Amino acid sequence: MKTLSTLLAGFLAAQFYSAAGSVMKTHEKIVGGDAVDIEQFPYQVAVLEVDNQICGGSIISERWILTAAHCTDDTIPRYLTVRVGSSFHQHGGVVHQVDSVVQYPDHVPYGWLNDFALLHLTTAIDFGVAAQPTLLASTDSDLDFEFDCVVSGWGKTLNETQGTDQLRAAQIRLVPQEQCNAYYDGQVDGTMVCAGGEGHDSCQGDSGGPLICRGKQDGIVSWGKGCGDYPGVYANVVFARGWIRNVTGY
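Per full-length UniProt numbering: the sequence shown = residues 1 to 250.
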């Protein structure tokens, strides 16, 4: 398997329970990855609630952030901020206040169906080498199982560890839905995509962060079983692309 540094050279561009009783993770961190600089992932942001990092997110435009809807369940916008342009979720970069949260209309609170949310900022992001918008996947042809993807965030590096302050990233591949559903009793539908497993995954603290494949964001870290033992499940950006455009204009 390629090292992360090789991949980057090519790129640079709450718990829930299933009906079967399996513990599902949300608010996912990076397992099997390496520490990286924000300049390599300038679209990545940290979503904070009263100064505590709760999730990741990605920049859509100067005032819009894409994240997972479950990250915003039971939150009040005035208590949310977004740290932009820093490799560390606790310091550096610029912190922007959130003034409104828009969840996908069919999102089920405290669940992972339709796990899409948009955060609107009170002040515009100043784009530069450490802050740039992500390029969103828009068609099913962007979902390619033959190429490496990258997931990034500040979550745990193992099930039993604490989160890390420095941004980390791991190389993973998309997993076909049929194969993924063998692990999840058929709970993975068209609103989701799967990736990772075999020691590489997102984990607690990474939720809302981006899954980037061939330079486009295919997924949003959403939920899964364990950290690195099974494929992680991501909200499918292609499914929500029209809604994102309607809300943000991008």
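Just so you know, even glycine gets a beta-carbon here, dropped at the ideal spot from N, CA and C.
None of the values given here were measured: they were computed from a predicted structure.
- For SER61, the closest C-alpha among the options ILE76, THR75 and VAL45 is that of VAL45.
- Shown here, THR248 sits in a helix according to DSSP, grouped into three states.
- For the pair LEU118 and ILE220, the CB atoms are not nearer than the 8 Å cut-off.
- One Cα belongs to ILE54, the other to LEU48, and the distance between them is close to 6 Å.
- Burial check for ASN52: the Cβ neighbour count within 10 Å stays below 16, so the residue is exposed.
- DSSP assignment within the segment 79 to 157 yields the following whole beta strand (DSSP E) runs of 3 residues or more, N-terminal first: 80 to 84, 94 to 103, 117 to 121 and 148 to 153.
- ASP74 is classed as exposed because its beta carbon has fewer than 16 other beta carbons within 10 Å across all chains shown.
- Secondary structure note for TYR43: it is in no beta strand (DSSP E), with a DSSP letter that is neither H nor E.
- A distance below 7 Å between beta-carbons, with the five flanking residues on each side excluded, links TYR230 to the following residues of its chain, in chain order: TYR183, GLY197 and GLY224.
- Annotation for TYR234: the continuous beta strand (DSSP E) segment containing it runs 232 to 236.
- Taking a contact as a CB-CB distance under 8 Å, the pair CYS149 and ARG173 counts as one, their CB atoms being some 6 Å apart.
- In the DSSP annotation of this structure, GLN217 is not part of any alpha helix (DSSP H); the continuous beta strand (DSSP E) holding it starts and ends at 216 to 223.
- The beta carbon of PHE147 sits closer than 7 Å to the beta carbons of CYS213 and ARG214 from its chain, once the five residues preceding and following it are set aside; these are given in chain order.
- Inclusion of VAL237 and LEU136 in the CB contact set at 8 Å is warranted, their separation being smaller than that value.
- Judged by DSSP secondary structure, ALA169 falls within the beta strand (DSSP E) whose first and last residues are 168 to 175.
- GLN187 sits in coil when the DSSP states are folded into three classes, being neither helix nor strand.
- By the CB criterion at 8 Å, VAL82 and ILE65 fall inside the cutoff.
- For GLY57, the enclosing beta strand (DSSP E) stretches over residues 52 to 59.
- Nearest C-alpha to LYS216 among SER58, ALA35, GLY33 and ILE38: SER58.
- By the C-beta density criterion, ASN114 is buried, having at least 16 other C-beta atoms within 10 angstroms.
- Proximity to PHE41 across ILE76, ARG78 and VAL84 peaks at VAL84, based on C-alpha coordinates.
- The DSSP-derived three-state label of GLY226 is coil.
- Taking C-beta atoms as the reference points, GLY209 and SER152 count as a pair closer than 8 Å.
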